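The sequence shown begins at 66 in the numbering used here and counts up by one. Glycine residues also receive a C-beta, built at the ideal position from the N, C-alpha and C atoms. Everything numeric in this text was worked out from a predicted model, so none of it was measured. Working notes, beginning with the structure itself.
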Amino acid sequence: MNHIQEKMEKEVVSLIFREYPDLRDQINKARVIDREFTGVGFFTNYHNDDILWEEEMIISDVGAILNNNIEVGFVFFIREEGARFLECYMYGDPFPDQIESYEVFIYEKFPGDVYKVPKK
């Protein structure tokens with residue numbers, strides 16, 4: 066696990082939970098149980114006792130560009146049964162061996178629940 070990925074995860078969580086500041090702060094302070102790398106992304110699992118939230122929640126409007134050219138998406142899950150985790154997923158490419166740089170963004174939403182990378 067490298068420092069850049071940890072920093073990116075905190076930025077992603079801050080954007081995902083931008084409308085839930087108390088929850089955002091809990092997650093950014095929560096202990097990470099483990100990270101599972103799948104080859105096409107990863108899961109970061111958080112200690113359930115560190116994130117006090119009763120409602121089931123799935124939020125997925127944040128993405129990033131890794132190493133200047135690899136797009137990834139993120140989904141944060143809070144499950145009623147207790148699971149709390151961040152998923153990072155690719156769009157068909159293998160996950161890079163090393164994250165050298167990243168740019169986190171909020172997807173632009175269009176009619177029909179279509180999300181696109183914002184234009185610069």
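- Here the alpha carbons of Arg149 and Asp115 stand approximately 10 Å from one another.
- Boundaries of the alpha helix (DSSP H) harbouring Asn93: Pro86 to Lys94, taken from the DSSP string.
- Within the same chain, and ignoring the five residues on either side of Glu121 in sequence, the residues whose Cβ sits closer than 7 Å to its Cβ are Ile143, Arg144 and Glu145.
- CA-to-CA, the gap between Asn133 and Ile92 works out to about 27 Å.
- With a beta-carbon spacing of about 6 Å, Leu151 and Phe139 fall inside the 8 Å limit used to define contacts.
- Annotation for Leu131: the continuous beta strand (DSSP E) segment containing it runs Met122 to Leu131.
- Annotation: Asp126 to Glu168 spans about 14 Å, alpha carbon to alpha carbon.
- Under the three-state reduction of DSSP output, Leu151 falls in the strand class.
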